[in-house]
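Residue numbers (the working numbering), protein chains in the order written: chain A, 1 to 294; chain B, 295 to 618.
In this text, a Cβ means the ideal position worked out from N, Cα and C, and glycines have one as well.
The structure displayed is predicted, hence computed values, not measured ones.
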């Protein structure tokens, strides 16, 4: 009885890769799907902003300046009468793409440096890790502030600053991954049955290093969107006429006592976006490493 | 233990020097001539050349780095272009505010975060667990400066209970500290929950339970001391977040700390002030990380044992703290 029940199950498990099973677990997680849908909605709103937004983001309407939320302007208007909802939707183009591109930079450099350090060890490892130590002796946001201060303000410079400041996290994680995996019993087992190096790397090292990486990418996206907003808020990052979320907060803070809606909605929008990436990150962690889930 | 402290202190020297060189180099390649910026638009090329000479800007890069390091070791970060005062004096005047705000936020984050995390772990899968985790998820995702602005709207503009900006008595720290600590509370709660959960089902906890020890005693004497190690580690990185957050929160509340100074310096291209404040923050951060590491060694006897006599080392290794 038991045997017949367990057999098809194990067969099914064998026929699918571990990634497939992880994605299945992810899809069963309701909050994960909620997070994913939120991100998709935000992306769609940002990409289709020219068609979906009720007004043009730069359209000035002085008569309606500081309008409180109403049917015509669901989230109100700013000091120049520009529609806040439209600006927030357009702002997604800046904020989300800064997040994505900066994480691509951090991940690409971090994974490369971390793999080299972990794989070769010795002096190279020592040099790379000491450099990373130096980069990590600042709080991450401070590093981003310094690099932005040096590069100047603007969209592309904000991406570079955030990208560089995120490199240490990926380097450390990748190096630790490679080191753990190299000493694992399954690698020893694979070596002992005479597997080729390429097979070990492709079949064992990469898939096992991959899952923490996906989780980190998702969490880094959350952090990056938040940091981009912080940079723009203190006047570094993207500059005010552009509707980046942090820049909108920065522009609205002078009117905050009388017109709090100018700050309330962009902030909520940032929070929802970051929350969604965080939820996805957590769910991915649970899905990829079911042992961790409690 | 002395050996461990010494080793960590010595390691700080190359890191701080590395930071200084890195920051100097980043600022060195910034486009724009500091001498011209200092003198303003009306300066003639001769005046600029004289100023360059006076500031040592016409020296080769390596000479400038070397001078910068030597001066830094003498506690001299140069003169602020904007205020025409020594940067180190400005920093020392402002540092107490930044440190105080970071420390208050850190204490709030630790106390509330560990409490929330422990409650969530002990009552796993109950409503209180879900609420604690929801608070922490929202807290991690909320921009602290936005929370600060919203707190100002509610507690200063609407209710008039607390001051909206400036510095003074303890009431001036309440809003900034709360806004700054929320992210820390959230990540501390998550870390505490997972490390308490890890320990709560350990063999020695089960043994204690089997002996009839009360749940409270198990929690206080067995679970928390063991769960504390990862909690302290994350507290260290949390402090970095607090310090970074403080720099931004200060600008919201116009507090005269290092953050406000740095942002002003950046906006006015006051490079010695930017350089000085960043290197200063990095040094302070390294010192705090050192203290955290020392606490870590104090809490975890395994680390302490590694730096004590070889004979005792064996008996300490692999034995959890206060295991029953």
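- When DSSP builds the beta bridges, which residues end up paired with residue 380 of chain B? B:373
- Query: Three or more beta-carbon pairs under 8 Å between the segment 436-444 of chain B and the segment 463-482 of chain B, yes or no?
  - Reply: yes
- Message: Strictly below 7 Å CB to CB, what residues from chain A border residue 534 of chain B?
- Response: 139
- Endpoints, alpha helix (DSSP H) assigned at residue 563 of chain B: Here residue 563 of chain B belongs to no alpha helix (DSSP H), and DSSP marks it neither H nor E.
- Query: Looking at the C-beta of residue 103 of chain A, does it have a partner C-beta in chain B at a distance below 7 Å?
  - Reply: no
- Item | Boundaries of the alpha helix (DSSP H) in which residue 430 of chain B is found, first to last residue | 421-435
- Task: Would you kindly report the start and end of the unbroken alpha helix (DSSP H) that includes residue 71 of chain A?
- Result: Looking at the DSSP string, residue 71 of chain A is not in any alpha helix (DSSP H), and its letter there is neither H nor E.
- With a cut-off of 7 Å, does the C-beta of residue 538 of chain B fall near any C-beta of chain A? yes
- Check whether the segment 257-272 of chain A touches the segment 319-337 of chain B, counting contact only when three or more Cβ pairs, one atom from each stretch, lie closer than 8 Å. no
- Message: Short of 9 Å Cβ to Cβ, which residues in the segment 258-280 of chain A face chain B?
- Response: 258, 260, 263, 264, 266, 267, 268, 270, 271, 272, 273, 274, 275, 276, 277, 278, 279
- Item | For residue 94 of chain A, the nearest candidate out of A:132, A:49, A:201, A:282 (CA to CA) | A:49
- Item | residue 83 of chain A - DSSP class collapsed to helix/strand/coil | strand
- Same chain only: Cβ atoms within 6 Å of residue 175 of chain A, ignoring 5 sequence neighbours per side: 114, 117, 118
- Message: Comparing C-alpha positions only, which one of A:78, A:166, A:74 sits nearest to residue 221 of chain A?
- Response: A:166
- Message: With three or more C-beta pairs closer than 8 Å as the rule, is the segment 376-389 of chain B touching the segment 455-470 of chain B?
- Response: no
- Taking a cut of 9 Å between CB atoms, which residues from the segment 429-444 of chain B lie near chain A? 431, 432, 434, 435, 436, 437, 438, 439, 440, 441, 443, 444
- Query: Along chain B, which residues have their Cβ under 8 Å away from the Cβ of residue 253 of chain A?
  - Reply: 443, 546
- Query: Helix or strand or just coil, what does DSSP make of residue 391 of chain B?
  - Reply: helix
- Proximal residues of chain A, C-beta to C-beta of residue 576 of chain B below 8 Å: 137, 138, 142
- Item | Cutoff 7 Å: residue 321 of chain B Cβ touching any chain A Cβ | yes
- Do residue 287 of chain A and residue 39 of chain A have their C-beta atoms closer together than 7 Å? no
- Item | Proximal residues to residue 235 of chain A (C-beta, below 7 Å), its chain only, five neighbours per side dropped | 250
- Item | Whether residue 246 of chain A touches residue 232 of chain A by CB criterion (7 Å) | yes
- Run down chain A in chain order and give the residues with a C-beta less than 8 Å from the C-beta of residue 351 of chain B. Going along chain A, no residue has its Cβ under 8 Å from residue 351 of chain B, so there is no contact; the nearest lies around 16 Å.
- Query: When Cβ atoms are compared, which residues of the segment 559-584 of chain B fall closer than 7 Å to chain A?
  - Reply: 560, 561, 568, 572, 575, 576, 579, 580
- Nearest to residue 293 of chain B by alpha carbon, out of A:243, A:142, A:285, A:191? Residue 293 of chain B lies beyond the stretch modelled for chain B, which goes from 295 to 618, so this question has no answer here.
- Message: Quick check on DSSP: helix, strand or coil for residue 155 of chain A?
- Response: helix
- Task: Could I get the ranges of all uninterrupted alpha helix (DSSP H) runs contained in the segment 141-193 of chain A, with 4 residues as the minimum, in chain order?
- Result: 155-182, 185-192
- Item | Status (buried if at least 16 other CB within 10 Å, exposed otherwise) for residue 572 of chain B | buried
- Task: Kindly say whether residue 226 of chain A, judged by its beta-carbon, lies nearer than 7 Å to any beta-carbon of chain B.
- Result: yes
- Query: Does DSSP put residue 412 of chain B in a helix, in a strand, or in coil?
  - Reply: helix
- Query: Excluding the five sequence neighbours on either side, which residues of its own chain have a C-beta within less than 8 Å of the C-beta of residue 533 of chain B, listed in chain order?
  - Reply: 396, 400, 579, 582, 583, 586
- Message: Excluding the 5 residues flanking residue 359 of chain B on each side, which residues of the same chain have their C-beta closer than 7 Å to its C-beta?
- Response: 315, 318
- Span separating the alpha-carbon of residue 342 of chain B from that of residue 375 of chain B: 14 Å
- Which one of A:150, A:273, A:109, A:86 has the shortest CA to CA distance from residue 171 of chain A? A:109
- Quick one: which unbroken beta strand (DSSP E) runs of 3-plus residues sit fully inside the segment 452-495 of chain B? Chain order, please. none
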